[in-house]
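For reference, the structure discussed in these notes is given below.
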Amino acid sequence: KAGVTQTPRYLIKTRGQQVTLSCSPISGHRSVSWYQQTPGQGLQFLFEYFSETQRNKGNFPGRFSGRQFSNSRSEMNVSTLELGDSALYLCASSGKLSTDTQYFGPGTRLTVL
Amino acid sequence: GQSLEQPSEVTAVEGAIVQINCTYQTSGFYGLSWYQQHDGGAPTFLSYNALDGLEETGRFSSFLSRSDSYGYLLLQELQMKDSASYFCAVSPRDSSYKLIFGSGTRLLVRP
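One line per chain: the protein sequences are A and B, in this order. With our numbering as the guide, the letters of the first sequence map in order to residues 102 to 214. With our numbering as the guide, the letters of the second sequence map in order to residues -5 to 105.
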C-alpha cells in the first residue's frame, strides 16, 4: 500500500504571497489532518478533514485554510504569508475513528523570505 | 489548557535501555501515542496506550498511568539508528484538536 504523499516537498515564497500544499492519503483513508512543525512551537495541529468536511480545527488564524476532495485528497492554503509561517507542514491520514493511528507524509518544507 | 512535557534530550549507549518520560495535563483523552522522527523525516507511529499498563512492540514498550498523569516509552537494545526525536501525543476528548503533541525528546545513541 502506498504511503501518504505530499507535494511539493520544498517551497520558497515571499511575504504577502499565498501558497497551496497538496496531500494524497493512504488508499482507503478518509481522514486527513494537517500539522505545522517549527523548532520553536513543535508539532501543532492545524485542522482535520473527513469526507470533505472540516471535522476538527486547531488554533490558527483564518489565513490557514483547507479543503478535501471526493477522492480524499486534501489541500491546505496559506494566504498573506508571514515570515513566521516558515515551517514543515505535515499531512497525516487515518481511518474514520478519532482513535485510529495517523500515518504521516514526508512533509512540505515552506520557507518564507 | 492541555500540555505534555518531555525531557528535551537524552543520551544513551548502544545496547543499553532508555526510558523517555511524558507527563501531561489534560482533562481527558482517548489514548497516549508515541512517534519517532528522524532528522528531515516524517513522524512514524511507534505505540499506542488506550488503557493503563504496558504495551510491548518488539524492542519498544510504552506505559500509561492515567492516575499519575504519566507515560513513558522504553527502548531496549538500543541501536545507532534509534537516534531520533520521540514525541508523545494525546487524542483529546471534547476538544476540536485531533492530536496534541509533546515538545519532543531528542535521543542520541552513542557507540
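Where a beta carbon is used, it is the ideal one built from N, C-alpha and C, also for glycine.
Check your understanding: To the nearest angstrom, how far is it from the Cα of Y18 of chain B to the Cα of H32 of chain B?
Key -> CA-CA distance, Y18 of chain B to H32 of chain B, rounds to 24 Å.
Check your understanding: Which chain B residues are close to Q157 of chain A, counting only those with a beta carbon under 9 Å from its beta carbon?
Key -> Going by the sequence as given, residue 157 of chain A is Asn instead of Gln. What N157 of chain A touches in chain B: S89, S90, Y91, K92.
**Study point:** Cβ-based contacts, 7 Å cut-off: residues of the region 159 to 190 of chain A near chain B
**Key:** G159
Exercise for review: Go ahead and pull the three-state DSSP assignment for G75 of chain B.
Suggested key: Checking the sequence, you will find Lys at residue 75 of chain B rather than Gly. It is helical.
Exercise for review: Taking only runs that begin and end inside the region 19 to 43 of chain B, name each unbroken alpha helix (DSSP H) of 4 or more residues, in chain order.
Suggested key: Runs of the alpha helix (DSSP H) lying entirely within the region 19 to 43 of chain B and spanning at least 4 residues: none are present.
Check your understanding: Among B:W28, B:G35, B:G47, which residue has its Cα nearest to the Cα of S41 of chain B?
Key -> B:W28
Exercise for review: List the endpoints of the continuous beta strand (DSSP E) containing V224 of chain A.
Suggested key: Outside the shown range of chain A, which is 102 to 214, sits residue 224 of chain A, and nothing can be said about it.
Exercise for review: Can you pull the chain B residues whose beta carbon is under 7 Å from the beta carbon of Q137 of chain A, in chain order?
Suggested key: The premise fails here: Q137 of chain A is roughly 11 Å from chain B at the closest Cβ pair, so nothing lies under 7 Å.
**Study point:** Burial state of Q118 of chain A (16 or more Cβ within 10 Å)
**Key:** exposed
Practice item. Just the chain B side, please: which residues come within less than 9 Å of S199 of chain A by C-beta, in chain order? Key: Y24, S85, R87, K92
Practice item. Using the Cα positions of L72 of chain B and S171 of chain A, report the straight-line distance between them to the nearest angstrom. Key: 44 Å
Review point. What residues in the region 38 to 69 of chain B bring their beta carbon closer than 9 Å to a beta carbon of chain A?
Key: T38, F39, Y42, A44
Review point. So who's on the other strand from E176 of chain A, going by DSSP bridges?
Key: E176 of chain A is bridged to A:S123, A:R168.
Check your understanding: In three-state DSSP terms, what is G159 of chain A?
Key -> coil
Exercise for review: List the residues that DSSP assigns as beta-bridge partners of T154 of chain A.
Suggested key: A:F151
Point to revise | DSSP state of L184 of chain A mapped onto helix, strand, coil | key: helix
Exercise for review: List the DSSP bridge partners of S132 of chain A.
Suggested key: A:F151, A:S195
Check your understanding: For P37 of chain B, does the count of other Cβ atoms within 10 angstroms reach 16, so buried, or fall short, so exposed?
Key -> buried
Exercise for review: Locate the beta strand (DSSP E) running through R87 of chain B, then write down its first and last residues.
Suggested key: Here R87 of chain B belongs to no beta strand (DSSP E), and DSSP marks it neither H nor E.
Practice item. Spell out the partners DSSP gives Y190 of chain A in its beta bridges. Key: A:Q137, A:T209
Check your understanding: With distances taken from CA atoms, which of B:L68, B:D46, B:D62, B:N43 is nearest R53 of chain B?
Key -> B:L68
Review point. In this structure, what does DSSP give as the bridge partners for T202 of chain A?
Key: Answer by DSSP bridge pairing: none, since T202 of chain A is not bridged.
Review point. Could you give the distance in angstroms between the alpha-carbon of V84 of chain B and the alpha-carbon of L102 of chain B?
Key: 24 Å
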